[in-house]
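Working notes, structure below.
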Amino acid sequence: MRWLSQEWFLLLDDDTVLLKGAVEKALNAYQSLPSALRGRVGIISLGAVNGDCKVKAVRFEPTSGSLVRAGIFRLARFRDDFFLDQSDFDFYARVRRLGYLTLRLDCKLIDHELGRERWIPIISSILGRAIDYEPPWRYYYIVRNSTILLREGLIDPATYIHQLANWGARILLADGLTKLLKPLVLGLTHGLMHEIGFLDKRYIG
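For the sequence shown, position 76 matches number 76 in the UniProt record's numbering, and the numbering has no gaps at all.
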């Protein structure tokens, strides 16, 4: 996290590269908004792909590469129990619940270094490349934390189903049904019971 001014924080992970002039472009785009709208902006996400460089309303974006109004950051905060997955969804939803807009500047302003990728049968054959993949132990946290957010009304059912299906299908095709079921059942159970915190990988599979 970088403190830019009395008004803005910039959130950055270690694997996010800030391109030259990115912050200035984002703040200039913010200043170009109507004055009545500027006061309602809580987050400006720096785009990671080439676009038309227009400011657009978004519901969820990665927190890394997000400009957050300082006063709102102190109010929304990050929840300590979401230390691995879904903190992005939670934070953006909390900012909107405070009545603020979450926006993205649709330009390539940041680069994310490649994370974990794997050749996934069927999907990779269609796309002709390896794709993002999360192992079963990580899927447990995706399921558990997404279930908690759904119960709290911070994400909608469509987003919830997409999260579980998107990552679950990759495990099913790459590792088989057994590797999918254990983290899925555990994640659903713990999410519904609101059991949070760290769970040793040995118990997840």
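Just so it is clear, CB atoms sit at the ideal spot from N, CA and C, and this is done for glycine as well.
All values derive from a computational prediction rather than experimental measurement.
Strictly by DSSP, which residues pair up with residue i?
{"i": "residue 209", "result": "In the structure displayed, the chain extends from 1 to 205; residue 209 sits before or after that span and is not available."}
{"i": "Glu117", "result": "Asp132"}
{"i": "Thr102", "result": "Ile43"}
{"i": "Asp111", "result": "Val17"}
With a CB to CB cut of under 8 Å and the five nearest residues on each side skipped, what residues in its chain are close to residue i?
{"i": "Thr139", "result": "What sits at residue 139 in the sequence shown is Tyr, not Thr. Same-chain partners within the cutoff: Trp167, Gly168, Ile171, Leu180, Pro183, Leu184, Gly187."}
{"i": "Arg38", "result": "Tyr30, Gln31"}
Any heavy atom of the ligand MG closer than 7 Å to the Cβ of residue i?
{"i": "Glu134", "result": "For the ligand MG, the structure offers nothing, since it holds no ligand at all."}
Compare the C-beta of residue i with all C-beta atoms of chain B and state if any pair is closer than 8 Å.
{"i": "Arg170", "result": "Although the question refers to chain B, the structure presented lacks it and comprises just one protein chain."}
Give every residue of the same chain whose Cβ lies closer than 7 Å to the Cβ of residue i, excluding the five residues on either side of it in the sequence, and list them in chain order.
{"i": "Arg96", "result": "Thr102"}
{"i": "Asp13", "result": "Ser64"}
{"i": "Phe78", "result": "Ser87, Phe91"}
Can you name, in chain order, every residue of its own chain whose Cβ lies under 6 Å from the Cβ of residue i, other than the five neighbours on each side?
{"i": "Ile155", "result": "Phe89, Leu149"}
List the whole-angstrom C-beta distance separating residue i from residue j, where the pair is believed to meet the contact cut-off of C-beta under 8 Å.
{"i": "Leu127", "j": "Leu46", "result": "Not confirmed; about 26 Å, so no contact."}
{"i": "Leu33", "j": "Val55", "result": "7 Å"}
{"i": "Asp81", "j": "Ile196", "result": "4 Å"}
{"i": "Ile110", "j": "Val17", "result": "6 Å"}
{"i": "Leu177", "j": "Lys108", "result": "About 39 Å separates the two Cβ atoms, so there is no contact after all."}
{"i": "Leu164", "j": "Ile123", "result": "Actually they do not touch by this definition, with Cβ atoms about 16 Å apart."}
{"i": "Asp52", "j": "Tyr141", "result": "That belief does not hold up - the Cβ atoms of Asp52 and Tyr141 are roughly 35 Å apart, past 8 Å."}
- Hey, which unbroken runs of the alpha helix (DSSP H) at 4 residues or more fall wholly within the stretch 10-66? 22-31, 35-38
- Query: Counting pairs of beta carbons, one from the stretch 81-90 and one from the stretch 145-159, are three or more of them closer than 8 Å?
  - Reply: A contact exists between the stretch 81-90 and the stretch 145-159.
- Using 8 Å as the threshold, is the stretch 109-128 in touch with the stretch 153-165, meaning 3 or more CB pairs across them? no
- Does the pairing of the stretch 70-85 with the stretch 22-39 give three or more beta-carbon distances under 8 Å? no
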